[in-house]
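Below is one structure; the comments refer to it alone.
Numbering (the working numbering), first residue to last: 35 to 299.
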C-alpha cells in the first residue's frame with residue numbers, strides 16, 4: 035500500500051474573479067504540492083497579480099474553490115504567518131525612514147502582536163534572516179540607500195523571518211540587472227532546497243524563470259498551459275496565450291543559447 039500524496043499547499047478549482055464588473059480570471063484550476071517552485075507567467079494585464087491576490091486572500095473569487103495550507107486564505111487566522119509575500123517594488127523610495135533591520139522586523143509583526151515590543155528572540159530571527167541573505171553588515175543602513183538587488187534581498191528576508199512555508203513573490207527581479215537576477219533566482223532555489231519552501235513567483239522573464247522553476251503556469255485570464263518548464267516552453271498554447279510570435283532565449287545551463295520560437299494565433 036502506497037502512502038497518500040501530500041495535500042497541496044495551494045489549490046484552486048474553477049476560480050473566477052471579477053473586479054469592477056470586469057472579468058479578470060476565468061476557470062483557473064491549479065494545484066501546487068509542498069516544496070515545489072512555480073513560475074507564473076503571461077502577458078501584461080493577464081491577471082497574474084490578481085491570481086496571487088486570490089491565493090493571498092486579498093481578493094475573494096466570484097466563483098470557485100481556493101485552499102491555501104488546507105483552508106480558504108481569508109480564514110487562516112494566525113496560520114497566515116506561514117505565508118511570506120514579496121510585493122512589487124516596495125520601500126524603495128530614497129526618503130523611506132526605515133533601516134534595513136526595521137524593514138525585516140516588519141515581517142515579524144504578525145508573530146509579535148499589536149502593541150507589543152519585539153523580544154530578543156524576534157531580534158535574533160531578524161538578524162538570522164539578514165545573515166542568510168548576506169545583509170548582516172547592512173542592518174543599520176537606510177533602506178532607500180540600497181541597490182535594487184540588495185533591496186529585493188531585504189524584502190525576501192522580511193518574508194522569511196517567520197515560520198514561512200509558502201513564499202509568494204510578485205516580479206522580484208523588476209529593476210534588477212541580469213547578473214543579479216540570476217543570483218536572486220539561485221538564492222530562491224537554494225532556499226527552496228534548504229527549507230522545503232513552496233514558492234510562487236510572477237515574472238515577465240519566461241526563459242530566466244524556466245531555468246529555476248519546477249513548474250510553469252501561463253495565465254491570460256484563463257490558464258493556458260501548466261507543467262514542466264521544458265514542456266511549457268515547447269507548447270503552442272504558450273504562443274496562443276501571448277497572441278504573438280516570439281522567441282524565448284534559454285538561460286538554462288543545459289541548453290545555453292537555445293532559442294524557442296512560438297507562433298501566435
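Even for Gly, the Cβ is constructed at its ideal location relative to N, Cα and C.
Close beta carbons around residue i, own chain, < 7 Å, minus the five adjacent residues each side
i	result
residue 41	104
residue 52	58 and 96
residue 35	With a pLDDT of only 49 at residue 35, under 50, the local geometry of the prediction cannot be trusted, and the value read off the model is given with reservation. Here the set comprises nothing.
residue 70	232, 248 and 249
residue 150	none
Presumed contact (8 Å Cβ cut-off) between residue i and residue j, rounded CB distance
i	j	result
residue 248	residue 215	About 18 Å separates the two Cβ atoms, so there is no contact after all.
residue 192	residue 60	Contact doesn't hold; Cβ gap of about 33 Å is too wide.
residue 107	residue 90	6 Å
residue 131	residue 139	With 8 Å as the limit, residue 131 and residue 139 do not qualify as a contact, their Cβ atoms being about 14 Å apart.
residue 260	residue 64	6 Å
residue 225	residue 206	With 8 Å as the limit, residue 225 and residue 206 do not qualify as a contact, their Cβ atoms being about 12 Å apart.
residue 123	residue 228	Not confirmed; about 26 Å, so no contact.
Check whether residue i and residue j have beta carbons under 7 Å apart
i	j	result
residue 120	residue 189	yes
residue 194	residue 163	yes
residue 137	residue 182	no
residue 117	residue 252	no
residue 187	residue 159	no
residue 73	residue 243	yes
8 Å CB neighbourhood of residue i in its chain, flanking five on each side removed
i	result
residue 287	Residue placement at residue 287 cannot be trusted, given a pLDDT of 47 that sits under 50; what the coordinates show is reported in the next sentence. So the qualifying residues of the chain are 245.
residue 39	67
residue 223	71 and 246
residue 93	51, 53, 84 and 87
residue 184	169 and 172
residue 220	246
residue 81	51, 58, 59, 253, 254 and 255
residue 56	none
residue 113	103 and 105
residue 77	254, 275, 276 and 277
Cutoff 6 Å; reference residue i; Cβ partners in own chain excluding five residues on either side
i	result
residue 62	46, 49 and 257
residue 203	120 and 235
For this session: May I ask you to verify whether the segment 94-102 touches the segment 47-66, counting CB pairs closer than 8 Å and requiring at least 3?
Result: yes
Problem set entry | Continuous alpha helix (DSSP H) assignments of at least 4 residues falling wholly in the segment 164-233 | 182-194 and 212-229
For this session: Assess, as a yes-or-no matter, whether the segment 162-178 is touched by the segment 197-214 under the definition of 3 or more beta carbon pairs within less than 8 Å.
Result: no
Problem set entry | Every unbroken alpha helix (DSSP H) within the segment 77-142, with a cutoff of 4 residues, ordered by chain | 82-90 and 134-139
Problem set entry | Uninterrupted beta strand (DSSP E) stretches inside the segment 240-273 (no shorter than 3 residues) | 249-254 and 256-261
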